[in-house]
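Novice: In order, the protein sequence lines correspond to chains S and D. Heads up: the first sequence begins at 1 in this note's numbering, then just goes up one per residue. Heads up: the second sequence begins at 1 in this note's numbering, then just goes up one per residue.
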Amino acid sequence: MTNAMELYQMLPKTNCKKCGKTSCMAFAVALMARELTPEDCPPLKEEPKYKESYEKISGLFKPSEGATETGLIVHEDLCFGCGNCVVACPVNVANDPYGVGSGNAPKNAGKLILTIEDGIVKAQNVGECRRFGKNKILCNGCIVTCPVEAIEFV
Amino acid sequence: MEKNYYVCTGCGMLCDDIEVESEKNIVNKVHTACRVGVAHMKEGRESAVFRVDDKPVDEATAISEAAAILKNAKNPLIFGLGTSTNETQKLAIELARKTSATLDDTSSFCLGRVVEALLQNKFKVCTLDDVRNKADVTIFWGADPSDSHPRHLSKHSYFPRGTEKQRGWEEERTAIAIDVRKSHTAKICGNYFFQIPPGGDAEFIDALIAGLSGKLPKTSYNFPPKRILELANILKGAKFGVVFVGLGLVYSLENLEPLIRLMDALNEKANFHLIPMVGHYNMRGFNENLFEETGHVNSVKFEDGTVKHGPEYSIVESLKAKTVDAALIIGSDPLSSLPRSVAKNLLEIPVISLDPCETLTSRRAKVYINTAISGVESGGSATRMDGVKVNFKPVVETTRLSDEAVLKKIMEAL
Numbered sequence: 001m002t003n004a005m006e007l008y009q010m011l012p013k014t015n016c017k018k019c020g021k022t023s024c025m026a027f028a029v030a031l032m033a034r035e036l037t038p039e040d041c042p043p044l045k046e047e048p049k050y051k052e053s054y055e056k057i058s059g060l061f062k063p064s065e066g067a068t069e070t071g072l073i074v075h076e077d078l079c080f081g082c083g084n085c086v087v088a089c090p091v092n093v094a095n096d097p098y099g100v101g102s103g104n105a106p107k108n109a110g111k112l113i114l115t116i117e118d119g120i121v122k123a124q125n126v127g128e129c130r131r132f133g134k135n136k137i138l139c140n141g142c143i144v145t146c147p148v149e150a151i152e153f154v
Numbered sequence: 001m002e003k004n005y006y007v008c009t010g011c012g013m014l015c016d017d018i019e020v021e022s023e024k025n026i027v028n029k030v031h032t033a034c035r036v037g038v039a040h041m042k043e044g045r046e047s048a049v050f051r052v053d054d055k056p057v058d059e060a061t062a063i064s065e066a067a068a069i070l071k072n073a074k075n076p077l078i079f080g081l082g083t084s085t086n087e088t089q090k091l092a093i094e095l096a097r098k099t100s101a102t103l104d105d106t107s108s109f110c111l112g113r114v115v116e117a118l119l120q121n122k123f124k125v126c127t128l129d130d131v132r133n134k135a136d137v138t139i140f141w142g143a144d145p146s147d148s149h150p151r152h153l154s155k156h157s158y159f160p161r162g163t164e165k166q167r168g169w170e171e172e173r174t175a176i177a178i179d180v181r182k183s184h185t186a187k188i189c190g191n192y193f194f195q196i197p198p199g200g201d202a203e204f205i206d207a208l209i210a211g212l213s214g215k216l217p218k219t220s221y222n223f224p225p226k227r228i229l230e231l232a233n234i235l236k237g238a239k240f241g242v243v244f245v246g247l248g249l250v251y252s253l254e255n256l257e258p259l260i261r262l263m264d265a266l267n268e269k270a271n272f273h274l275i276p277m278v279g280h281y282n283m284r285g286f287n288e289n290l291f292e293e294t295g296h297v298n299s300v301k302f303e304d305g306t307v308k309h310g311p312e313y314s315i316v317e318s319l320k321a322k323t324v325d326a327a328l329i330i331g332s333d334p335l336s337s338l339p340r341s342v343a344k345n346l347l348e349i350p351v352i353s354l355d356p357c358e359t360l361t362s363r364r365a366k367v368y369i370n371t372a373i374s375g376v377e378s379g380g381s382a383t384r385m386d387g388v389k390v391n392f393k394p395v396v397e398t399t400r401l402s403d404e405a406v407l408k409k410i411m412e413a414l
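1) Report the neighbours of proline 150 (chain D) on chain S: residues whose CB is nearer than 8 Å to its CB, in chain order.
2) Identify every run of the beta strand (DSSP E) within the region 59-94 of chain D, keeping only runs that are complete inside it and at least 3 residues long; order them along the chain.
3) Name the chain D residues whose beta carbon is nearer than 7 Å to that of threonine 145 (chain S)?
4) Whose C-alpha, out of D:Glu268, D:Tyr158, D:Ala175, D:Pro258, is nearest the C-alpha of leucine 212 (chain D)?
5) Starting from the beta carbon of aspartate 118 (chain S), find every residue of chain D whose beta carbon is closer than 7 Å, and list them in chain order.
6) Using a threshold of 8 Å, state whether the C-beta atoms of glycine 141 (chain S) and glycine 133 (chain S) are closer than that.
7) Could you please give the first and the last residue of the uninterrupted beta strand (DSSP E) stretch that includes proline 276 (chain D)?
8) In whole angstroms, what separates the C-alpha of leucine 119 (chain D) from that of leucine 60 (chain S)?
9) Look up serine 378 (chain D) in the DSSP assignment and give the residues it is bridged to.
10) Short of 6 Å in beta carbon distance, which residues of its chain neighbour threonine 359 (chain D), apart from the five on each side in sequence? Order them along the chain.
11) Over what stretch of residues does the beta strand (DSSP E) that includes phenylalanine 302 (chain D) continue unbroken?
12) Quick check: the Cα distance between methionine 1 (chain D) and threonine 138 (chain D), rounded to an integer number of angstroms?
13) Nearest by alpha-carbon distance to threonine 185 (chain D): which of D:Ser157, D:Gln89, D:Thr398 is it?
14) Using the C-alpha atoms, what's the distance from isoleucine 120 (chain S) back to cysteine 129 (chain S)?
15) Where in the region 43-93 of chain S do unbroken runs of the alpha helix (DSSP H), each at least 4 residues long, occur, reported from the N-terminal end onward?
16) Cβ atoms of threonine 9 (chain D) and phenylalanine 392 (chain D): under 8 Å apart, would you say?
17) Per DSSP, what are the beta-bridge partners of lysine 55 (chain D) in this structure?
18) Do alanine 327 (chain D) and valine 342 (chain D) count as a contact pair if the criterion is CB distance below 8 Å?
19) Within 10 angstroms of the Cβ of valine 100 (chain S), are there 16 or more other Cβ atoms? Answer buried if so, exposed if not.
20) Do the CB positions of arginine 151 (chain D) and phenylalanine 302 (chain D) come within less than 8 Å of each other?
21) Pairs of beta-carbons, one from the region 291-310 of chain D and one from the region 95-112 of chain D, closer than 8 Å: are there three or more?
22) Just the C-alpha distance for leucine 11 (chain S) and leucine 44 (chain S), rounded to the nearest angstrom, thanks.
23) Counting only beta-carbon atoms, is threonine 127 (chain D) nearer than 8 Å to chain S?
24) For asparagine 125 (chain S) and chain D, any beta-carbon pair shorter than 8 Å?
25) For a test of the three-state rule: what should DSSP assign to valine 148 (chain S), helix, strand or coil?
26) How big is the Cα-Cα spacing for alanine 4 (chain S) and alanine 26 (chain S)?
27) Mind checking the region 4-35 of chain D against chain S and listing, in chain order, the residues whose C-beta falls within less than 8 Å of any C-beta there?
28) How about isoleucine 416 (chain D) and leucine 111 (chain D): do their beta carbons lie closer than 8 Å?
29) If you measure from the beta carbon of lysine 155 (chain D) to each beta carbon in chain S, is any gap under 8 Å?
30) Do you know whose CA, among D:Ser314, D:Asp54, D:Arg261, lies nearest isoleucine 369 (chain D)'s CA?
31) Please identify the residue among S:Gln124, S:Lys51, S:Pro147 whose C-alpha is closest to the C-alpha of proline 42 (chain S).
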């Protein structure tokens with residue numbers, strides 16, 4: 001992915017404050033953190049001379065549009081539902097040790113983060129994910145167990 | 001709350017924890033199953049199809065035509081049955097006896113040899129539940145369950161917590177892949193992936209046995225001896241080891257003697273079991289049912305109350321030698337799966353195809369009867385890859401006949 005400086009280079013750099021941020025650099029940082037989207041910069045969106053930059057920046061953020069709050073993306077075309085991530089996820093195991101933790105069907109699907117539906121992994125309750133919240137850690141249980149790299153964090 | 005679980009008959013693992021949402025006999029949503037299982041469960045169609053000479057006919061005509069073909073044939077071939085229930089397979093064996101048929105299934109060019117050796121007690125075996133509860137070292141040899149049996153690692157062999165394996169896969173389990181290419185399973189095994197050249201399995205087994213007894217392991221393809229010794233050390237320390245034998249290993253070996261030697265050597269130092277990676281959901285069932293009746297697992301010929309057995313009665317050899325003069329194919333597609341030079345001989349004889357799907361074989365068959373998908377639209381029992389019997393009920397209802405019902409009707413017509 002890119003960094004805030006690269007994004008800044010593509011912005012109008014006029015510090016017009018129409019986006020609500022104090023400067024274009026601040027806007028670039030907010031973009032990086034996904035607090036704002038490229039559409040939040042009116043000149044970038046509307047003025048024809050920035051059209052190329054606008055398309056470029058939008059293109060950069062396109063792949064992560066489907067990401068949840070934790071940045072988790074499931075590439076549904078790659079996933080084949082083996083369930084490795086479902087069984088390996090530490091939160092899933094803690095919340096449902098005799099169901100998915102033991103390799104079986106979920107006994108309490110409402111409390112899980114990852115479940116398999118129609119042969120594809122679905123993410124829910126992402127707030128429970130260990131990569132989220134105040135005491136977050138860089139857990140990668142679901143990534144290293146995936147044989148086809150269908151799960152990604154951005 | 002007790003949930004209503006179904007059994008998935010998509011592959012040899014027979015996962016028994018599938019939840020299905022269906023409405024008006026159409027499967028809408030499948031929970032927990034992998035993509036293979038979901039595709040299998042959603043395959044169902046409404047109406048039955050009966051065809052003779054590519055023209056739609058009614059049920060009675062198709063059955064009587066099929067019976068006539070079998071009656072007129074001197075040596076019909078009955079083939080398939082890997083995706084049929086135990087009950088159907090027993091009927092088919094009876095039918096073969098009645099019609100003096102050659103009876104074979106896909107295991108003759110698949111894992112039949114291994115299952116035969118298993119049934120003759122040449123290997124120590126265990127169930128998949130033992131694997132989940134106890135196994136600390138699992139070897140996938142010439143097999144890629146991530147693709148062939150997607151839930152294998154997550155349901156049984158690597159990731160789940162078992163009664164004696166509470167701390168999970170990172171600490172308590174070692175998965176080893178031995179294969180000719182870096183498969184998806186090998187990727188998960190990480191550093192414990194041993195890549196050997198095609199056909200190098202027998203030599204690798206010898207080297208590994210040497211390594212187990214502390215000798216310097218040598219291979220003609222210069223596999224680093226250090227790595228073989230490292231592998232041997234892991235295997236020696238196994239408290240409950242399992243070797244999952246895939247087609248890659250079976251195809252590479254001339255006979256099973258090296259594998260038997262390896263298992264004996266492993267069991268001298270540690271505790272190792274063997275499970276064949278059966279693909280079709282009830283191939284092992286067919287092998288066991290036929291073994292019970294005749295003492296052979298496949299490739300048999302019934303004649304005047306006696307049973308002959310040998311490679312010449314397998315589908316490949318009997319088609320090659322053109323010794324069969326009709327074929328009843330149940331739930332299999334030999335025209336697609338056999339080599340062209342062999343399969344083309346099928347076109348010269350009348351073929352009856354019983355299959356839930358349209359296949360190349362069914363399209364070229366003289367009689368085609370569209371059957372219910374067993375495990376989805378019809379129930380029964382089957383034998384899992386590890387020999388455990390699993391009973392299942394249909395998920396949805398259908399007007400199509402099960403292959404068991406069709407066989408019964410054909411036998412009545414005979």
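Note that the Cβ used here is the ideal one computed from N, Cα and C, for glycine as well.
Specialist: Walking through what the data contain:
1) Taking the beta carbon of proline 150 (chain D) as reference, the chain S residues within 8 Å of it are Phe80, Gly81, Cys82, Gly83, listed in sequence order.
2) 76-80
3) Phe159, Ile188
4) The shortest Cα separation from leucine 212 (chain D) among D:Glu268, D:Tyr158, D:Ala175, D:Pro258 belongs to D:Glu268.
5) Lys29, Val30, Val38
6) no
7) 272-276
8) Each residue's alpha carbon lies about 59 Å from the other.
9) According to DSSP, serine 378 (chain D) bridges with D:Ser374.
10) Asp333
11) 300-303
12) Only weak support is given to the placement of methionine 1 (chain D): the predicted model assigns it a pLDDT of 45, under 50, and the question is left unresolved by the model.
13) D:Ser157
14) 19 Å
15) 51-61, 84-88
16) yes
17) D:Val52
18) no
19) buried
20) no
21) Under the three-pair Cβ rule at 8 Å, the region 291-310 of chain D counts as touching the region 95-112 of chain D.
22) 7 Å
23) no
24) no
25) In the three-state reduction of the DSSP assignment, valine 148 (chain S) falls in the coil class.
26) 9 Å
27) Tyr5, Asp17, Ile18, Glu19, Lys29, Val30, His31, Thr32, Ala33, Cys34, Arg35
28) One cannot answer for residue 416 (chain D) here, as it falls past the ends of chain D, which runs 1 to 414.
29) yes
30) D:Asp54
31) S:Lys51
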